Every structure is written in structure tokens, then in C-alpha cells.
Amino acid sequence: MAATATILHADLDAFYASVEQLLDPSLRGKPIAVGGGVVLAASYEARAFGVRGGMPGRRARELCPQLTFVSGHYKEYQRLGDAAIKVIGDFTPLVERISIDEAFADVAGCTHLFGPPDEIARTIRQRVRAEIGLPISVGVARTKHLAKIASQVAKPDGLVIVDPDTELQFLHHLPVELMWGVGPVTKARLAEMQVLTIGQLATTPGRSLERLLGPAAGEKLAALAWNRDPRQIKAHRRAQSAGAQSALGRKPAQEQFFRPTLLHLADRISTRLRAKARPGRTVTVRVRFANLKSATRSVTLDAPISATVTLAALAEDLVRAVLADHPDEKTISLLAISVSHLEEDWDLELELPLGLPDEPCRPGSRIGLARWAADRAVDKIRDRFGWDAIGYGSVALGIFRSVPDEFRELAEKDL
DNA sequence: TCTGGGGTCCTAGGACCC
DNA sequence: TCTGGGGTCCTAGGACCC
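By UniProt numbering, the letter at position 39 of the first sequence is numbered 39, and the numbering carries on one by one without gaps.
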């Protein structure tokens with residue numbers, strides 16, 4: 001007898017757009033897009049015209065002339081997303097949140113209280129609709145991978161339960177791109193081998209897959225194609241890295257242009273690291289050039305950092321190294337900084353003053369403490385008066401914001 | 001057709017150690 | 001001195017996800 005299907009995957013439909021239609025009834029049933037220059041989310045009515053998230057606003061208007069653009073209610077997205085996930089949490093503590101609008105849950109331990117998994121899934125959908133006012137699709141299956149596929153198949157506003165006895169019949173006729181980990185590149189590579197469905201993938205010799213995709217990816221995909229997915233629900237996952245990036249349009253590859261942006265990015269990241277006492281040891285910088293090719297440089301330190309000016313200085317050095325290696329590239333289109341190897345719980349006062357040869361590198365040194373005190377003062381003022389009250393303000397630096405900061409914050413993982 | 005921003009994981013080569 | 005084997009860490013790049 002096969003095991004019971006107890007894994008749920010719940011996914012709010014066209015989340016940002018659905019919230020806008022909830023808040024403003026005149027938008028219901030209409031093609032709408034959240035955003036302006038860039039489409040951050042599109043309603044199903046807009047998707048029917050080919051409008052997609054990430055698309056330039058101009059292109060979206062071409063596809064759908066009657067498209068209504070709305071600026072986002074970002075605070076509401078956070079509140080309503082939290083509320084929807086909380087409904088799932090009323091059934092089981094085993095909830096793994098994937099993003100603002102999506103979560104896995106394992107209800108194996110609570111069926112004696114609430115009934116079988118399909119009944120729980122129906123109740124969750126009804127409650128989210130009744131209490132919050134939003135459509136949510138749910139997939140129920142024996143594994144995370146299959147539950148996720150089931151919820152995608154269920155969209156919009158549906159429920160799909162995959163019986164363990166017929167899961168391969170369900171899985172094998174679906175296109176490969178529904179699989180977790182199959183993006184445009186892998187899809188194209190598989191298509192060259194005439195592999196279009198998950199069933200065809202399942203019967204492709206392991207050697208062929210490994211030659212095509214590498215040993216790890218080949219083996220993983222083959223296992224998923226047979227619904228062998230060992231992943232458990234992880235209720236509390238901590239972030240592995242924190243980063244920020246900024247598209248620049250086209251800027252000359254010169255200090256005067258990249259330094260203010262790097263300081264702004266370092267400020268955003270280091271503030272988050274300090275707030276959670278999670279400094280990091282590895283700093284990575286990415287520079288994208290005008291031709292959209294990019295290069296990265298990273299450095300791993302002996303001790304973790306979270307001071308704004310320390311991070312900014314390291315990032316500047318790394319960008320200079322990238323530019324030195326690409327002397328023909330004269331134009332930068334994007335800058336990114338990421339900090340990884342994060343500590344779990346760190347005493348920030350112990351941070352060392354890096355890059356200062358005349359200062360002994362030891363805990364509590366003069367410059368280390370000075371930076372710590374300066375950052376702490378800025379953090380406190382911002383806690384009371386808001387981000388722009390003080391600091392290396394993007395306004396002062398003339399930073400161009402392509403998306404609202406509130407939208408950035410929605411995408412940030414809890415550190 | 002040249003989309004923005006925040007993330008995760010994998011690979012392959014090299015350094016270094018035992 | 002050369003050879004072999006295993007493990008860990010770092011770096012750069014890439015695919016993918018939401």
C-alpha cells in the first residue's frame with residue numbers, strides 16, 4: 001500500500017494583482033498590472049493578453065491597450081500574505097514558507113484533529129477566500145515536488161489531489177518545464193533529445209541525462225521524474241546570504257559613478273545584517289556591463305563584518321578588480337553586492353577594522369569601535385524616524401530608484 | 001526581446017592539509 | 001623525490017526560483 005498524500009503546497013493566485021482587485025472592486029474582472037516602468041505582477045485577465053511579470057510596461061501596453069496600471073499597496077501585500085499563511089498554521093506547525101505568497105505544509109500529524117488532507121486543503125481554501133478575500137490554489141501529494149506541481153496545475157483558484165496510487169500517470173504526461181529545476185536552458189537541452197514530457201525524461205537513460213546536465217542535476221531530475229523526492233518540510237530555515245542590487249541604465253565605469261551606488265547597497269545590506277546580529281565573512285560583487293554580460297569577484301575574510309563603511313570599502317576594491325580585468329568594458333548597467341557565510345548570533349562590538357594597516361586588528365580597537373558606534377547611532381535614529389532621516393541617503397547620493405524600496409523589502413528573506 | 005530585485009544551489013578548478 | 005588518495009575551503013560562473 002502506498003503512503004498517504006499529506007504534503008500540501010498552497011499558492012495565492014496572481015497575488016499582488018488579486019490584492020489590488022480586492023482593495024478596489026472596480027478593478028475586478030479587468031486586465032491590470034502592478035508597477036509602471038516594469039510590470040511587477042499581472043492579473044489573469046492581463047495574462048490572457050500575454051502580459052507577464054517582469055515585462056517592460058511599454059511592451060505590456062502594446063500587448064493589451066486597455067491594461068490598467070496600479071501602483072502597489074506593498075504594506076497590504078505583506079499583511080495579507082502573512083494572514084493567508086497563518087491560516088495554514090492553524091492546522092499544523094510544520095509550515096515552510098517559500099515566499100510572500102507560497103508555502104508547503106505537512107499535515108500528517110494533524111489529520112486526527114481536522115480530517116484527511118483533502119478536507120484540510122478544502123477548508124484552507126474556503127477560509128482564505130472567506131476571511132481574507134483572496135483566491136488560493138492548493139496541491140496535495142506524497143512529496144513536495146508533486147504537491148508543487150499539483151498546485152500549478154490547479155491554478156487558478158483550484159485544488160488538485162494526487163492519489164499515491166496514480167501519481168506517475170498524473171506526472172508523466174506533463175511537460176518537463178513544470179518540474180522544479182527545469183528552466184529555459186534545461187528545457188531547450190532536453191528538447192534537443194526529444195524529451196518533452198516528464199514521462200520521456202523518466203525513461204531517458206541516466207547516462208544521457210548526466211552527460212547533458214551534469215551528475216548532480218541529472219540524478220536529481222531523474223529521481224523527481226519518478227517522484228522520488230526525499231525533501232522534508234523545514235519549518236525554520238535561516239537565510240544563507242543577504243544582498244542588494246541596482247540597475248543603473250548605462251553608467252560610465254568610473255569611480256564617481258559606482259562609489260555612491262556601492263555605498264547605498266552596502267548601507268541597505270549592512271543595516272539588515274546588524275539588525276539580526278548576523279555579520280558575514282564572504283563579500284561578493286557582481287558587475288553587469290552594457291552588453292548584459294557580467295563578472296563577479298568575491299573575498300572571504302577571517303572574521304565576519306557588518307559595518308557599513310567596511311562593506312562599502314571591500315565592495316569598491318572588488319569592483320576595481322573586476323574593471324581591471326575587463327579594460328574594454330566602459331559601461332556598467334548593474335551593480336550588486338551580496339554577503340554570505342553569515343554568523344548565527346554575533347556580538348557586533350567585536351567587529352574588526354579591516355583594511356586599515358596602521359590600526360591593530362583586534363576586538364575593541366579604536367576604529368572598529370568607532371564604526372560600530374556610528375552605525376549603531378544611525379540604526380537607532382532610523383528605527384525612530386525612518387530610513388531617510390539620516391545616513392547615506394539615496395536622495396543625497398542621487399541614486400535612481402527603478403523600483404520602490406517597499407517592493408525590495410517584500411522580496412527580502414528574514415535573516 | 002534585451003525586465004528588476006532578492007535569493008538558492010551546483011560545478012569545476014585550484015590550494016592546502018593529512 | 002615521486003606517487004596516490006581523501007577531504008575541505010575558496011573562487012567564478014551559471015541555472016533557476018519567486
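For glycine and all other residues, C-beta sits at the position ideal for the given N, C-alpha and C.
If you're wondering where the values come from, they're calculated on a predicted model, not measured in any experiment.
- Does DSSP put Glu96 in a helix, in a strand, or in coil? Note: Glu96 maps to strand in three-state DSSP.
- Item | Three-state secondary structure (DSSP) of Ile7 | Annotated three-state conformation of Ile7 is strand, per DSSP.
- Cα-Cα separation, Arg250 to Ser71: 26 Å
- 6 Å Cβ shell around Leu263 - same chain, five flanking residues per side excluded: Ala312 and Tyr392
- Task: Would you mind stating whether Ala141 and Glu119 have Cβ atoms separated by less than 9 Å?
- Result: no
- Compare the Cα-Cα distances from residue 417 to each of Leu248, Arg274 and Phe385 and report the closest residue. This structure gives no information on residue 417, because the portion of the chain shown stretches from 1 to 415.
- Mapping DSSP to helix, strand and coil, what is Val70? strand
- Closest residue to Ser246 among Asp106, Asp328, Ala336 and Ala217 (Cα-Cα distance): Ala336
- Query: Do you know offhand how far Gly18's Cα is from Gly181's?
  - Reply: According to the sequence shown, residue 18 is Ser rather than Gly. Cα-Cα distance, rounded: 27 Å.
- Message: Which same chain residues end up closer than 8 Å to Glu102 when comparing Cβ atoms and leaving out the 5 residues on each side of it in sequence?
- Response: The beta carbon of Glu102 sits closer than 8 Å to the beta carbons of His9, Ala10, Asp11 and Leu12 from its chain, once the five residues preceding and following it are set aside; these are given in chain order.
- Item | For Gly280, the residue or residues it bridges with in DSSP | Ile305 and Leu342
- Query: What does a CB cutoff of less than 7 Å around Ala277 pick up in its chain, not counting 5 residues either side in sequence?
  - Reply: Excluding the 5 residues flanking it on each side, Ala277 has same chain C-beta neighbours closer than 7 Å at Asp345, Trp346 and Leu348, in chain order.
- Item | Three or more C-beta pairs below 8 Å linking the stretch 155 to 175 and the stretch 197 to 211 | yes
- Query: Does the stretch 92 to 108 come within contact of the stretch 75 to 84, defined as at least 3 CB pairs closer than 8 Å?
  - Reply: Three or more beta-carbon pairs separated by less than 8 Å link the stretch 92 to 108 to the stretch 75 to 84, which places the two stretches in contact.
- Item | Under 9 Å between C-beta atoms of Leu67 and Ala48 | In this structure, Ala48 does not lie closer than 9 Å to Leu67 by Cβ.
- Taking 9 Å as the cut-off, decide whether the C-beta atoms of Thr271 and Val339 are in contact. no
- Tell me, please, which residues DSSP counts as bridged to Ala242. Val339
- In this structure, does DSSP put Ser43 in helix, strand or coil? coil
- Item | Option in Gly54, Tyr44, His73 and Val128 with minimal Cα separation from Ala83 | Val128
- Task: In angstroms with no decimal places, state the Cα-to-Cα distance between residue 424 and Ala41.
- Result: Shown here, the chain extends from 1 to 415; a query on residue 424 therefore has no answer.
- Task: Give a yes or no on whether the C-beta atoms belonging to Ile233 and Leu113 are separated by under 9 Å.
- Result: no
- Phe407 versus Ser241 - alpha carbon distance: 19 Å
- Query: Given that a residue counts as buried once 16 or more other Cβ atoms are within 10 Å of its Cβ, and exposed if not, what is Asp375?
  - Reply: buried
- Item | Length of the line joining the Cα atoms of Pro215 and Pro184 | 19 Å
- Query: So the beta strand (DSSP E) Gly139 belongs to, where does it begin and stop?
  - Reply: Ile136 to Ala141
- Could you check how far apart the C-beta atoms of Ser147 and Phe104 are, in whole angstroms? I think they sit under 8 Å. Going by the sequence as given, residue 147 is Ala instead of Ser. By a beta-carbon distance limit of 8 Å, Ala147 contacts Phe104. Their separation comes to about 7 Å.
- Helix, strand or coil at Asp197 according to DSSP, with G and I counted as helix: Sequence check: residue 197 is Thr here, not Asp. In this structure, Thr197 counts as strand in the three-state DSSP scheme.
- Query: Are the beta-carbon atoms of Ala307 and Arg371 separated by less than 9 Å?
  - Reply: Their beta carbons are under 9 Å apart, which means Ala307 touches Arg371 by this criterion.
- Message: Using the Cβ count rule (16 or more neighbours within 10 Å means buried), how would you classify Pro31?
- Response: buried
- Query: So, using beta-carbon positions, are Val38 and Pro65 closer together than 9 Å?
  - Reply: no
- Bridge partners - Ile161, DSSP secondary structure assignment: Val140
- My understanding is that Ile332 touches Ala253, with C-beta atoms under 8 Å, so please give their C-beta distance in whole angstroms. Indeed, because the Cβ distance is near 5 Å, the residues count as touching under 8 Å.
- Query: If we count the other Cβ atoms within 10 Å of its Cβ and call it buried at 16 or more, is Leu342 buried or exposed?
  - Reply: buried
- Distance, Cα to Cα, Met193 vs Thr111? 44 Å
- Segment limits, beta strand (DSSP E) that includes Ala216: Per DSSP, Ala216 belongs to no beta strand (DSSP E); it is in the alpha helix (DSSP H), Pro215 to Ala225.
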